[in-house]
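S.K.:
Numbering (the working numbering), first residue to last: 2 to 252.
1. Enumerate, from N- to C-terminal direction, the unbroken alpha helix (DSSP H) stretches of 4 or more residues contained entirely within the region 98-180.
2. Using beta-carbon positions only, say whether residue 186 and residue 167 come within less than 9 Å of one another.
3. Considering only the alpha carbon of each residue, which of 80, 8, 19, 10 lies closest to residue 127?
4. If you drop the 5 nearest sequence neighbours on each side, which residues of the same chain put their C-beta closer than 7 Å to that of residue 179?
5. Using alpha carbons as the reference points, say which of 88, 42, 27 lies closest to residue 140.
6. Taking all protein chains shown into account, decide if residue 123 is buried (16 or more other Cβ within 10 angstroms of its Cβ) or exposed.
7. Is the separation between the beta-carbon of residue 65 and that of residue 114 shorter than 9 Å?
8. Ends of the alpha helix (DSSP H) at residue 1?
9. Return the first residue and the last residue of the alpha helix (DSSP H) that residue 185 is part of.
10. Please return the same chain residues whose Cβ sits closer than 6 Å to the Cβ of residue 145, not counting the five positions on each side in sequence.
11. How about residue 109 and residue 83: are their beta carbons less than 9 Å apart?
12. Please say whether residue 37 and residue 98 have beta carbons closer to each other than 9 Å?
13. Report the option in 171, 121, 161 whose CA atom is closest to the CA atom of residue 46.
14. Going by beta-carbon coordinates alone, are residue 169 and residue 69 separated by less than 9 Å?
15. So, using beta-carbon positions, are residue 119 and residue 8 closer together than 9 Å?
16. So who's on the other strand from residue 64, going by DSSP bridges?
17. In the DSSP output, which residue or residues are listed as bridge partners for residue 35?
18. Does DSSP put residue 48 in a helix, a strand or coil?
19. For residue 71, which of helix, strand or coil comes out of DSSP?
What follows is the structure, given as structure tokens:
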């Protein structure tokens, strides 16, 4: 009965217009091998603490391969050669004494960096609604879907209600919709990770969910507060998660 009540409370909070209680729960992620192009998509989410290394730290030999090129060997070869030529010219310019701060301009959007970000559960609700959608950029979409798998593993009580907009509520895309709402809802209803490797997530604290119900004003019957309590701290850490999307090729 208590579990059923908690589920109802969490669902009500997630689906309300102002889910402020979700701001009490914070999650930290490390995403590896994120393209410079994809990093710009992460950076558009303002309510987060994101750590992006200096562009001088970019590995010029590491780059992503878009799925569209995998079955086109001629284009794929040209794509790889572009990175090889850029890396060679970078090394030549560096040898000539060009400052590293100037050479940051001489890299391609497919080059990669590792980033760390912390978001609260309210921001994650927005992030996942937008970025797990089929209309999101393919790379951040893969990160978002896999992030949701990890979140459902550590806190299924909350994150089983998270997903793209059509899963949480209704599709906002209008005539640009993919038209696959029923399929997407089924996919995210079954999105779990029993087969995920345990080594991909390291939990530093045990997590417990305590719903607090309080009477509030004449028209609002209750206010729900969710507190993520983890040992001596109130932050659930996932920073040991070294994640690379399964469907993405890193060179």
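Cβ atoms here follow ideal geometry from the backbone N, Cα and C, with glycine treated the same way.
M.R.: So, from the data block:
1. Counting whole runs of 4 or more residues, the region 98-180 contains the alpha helix (DSSP H) stretches 101-104, 122-132, 139-155, 157-160, 166-169.
2. Judged by their CB atoms, residue 186 and residue 167 are nearer to each other than the 9 Å cut-off.
3. If you compare the alpha carbons of 80, 8, 19, 10 with that of residue 127, the shortest gap goes to 19.
4. Here the set comprises 135, 136.
5. Of the candidates 88, 42, 27, the residue whose Cα lies closest to the Cα of residue 140 is 42.
6. Residue environment: residue 123 is assigned as buried (16 or more neighbouring CB atoms within 10 Å of its CB, all protein chains considered).
7. With contacts defined as CB atoms closer than 9 Å, residue 65 and residue 114 fail to qualify as a contacting pair.
8. The first residue shown for the chain is 2 and the last is 252, placing residue 1 beyond what the model contains.
9. Per DSSP, residue 185 belongs to the alpha helix (DSSP H) from 182-190.
10. So the qualifying residues of the chain are 129, 132, 133.
11. In this structure, residue 109 lies near residue 83, with their beta-carbon atoms less than 9 Å apart.
12. Result no, Cβ atoms of residue 98 and residue 37 do not sit closer than 9 Å.
13. Nearest option by C-alpha distance: 121.
14. In this structure, residue 69 does not lie closer than 9 Å to residue 169 by Cβ.
15. The criterion of a C-beta distance shorter than 9 Å is not satisfied by residue 119 and residue 8.
16. Note: residue 64 sits in a beta bridge opposite 112.
17. Bridge partners of residue 35 according to DSSP: 114.
18. Assignment of residue 48 by DSSP, reduced to helix, strand and coil, places it in the coil class.
19. In the structure shown, residue 71 sits in coil (DSSP, three-state: anything other than H, G, I, E or B).
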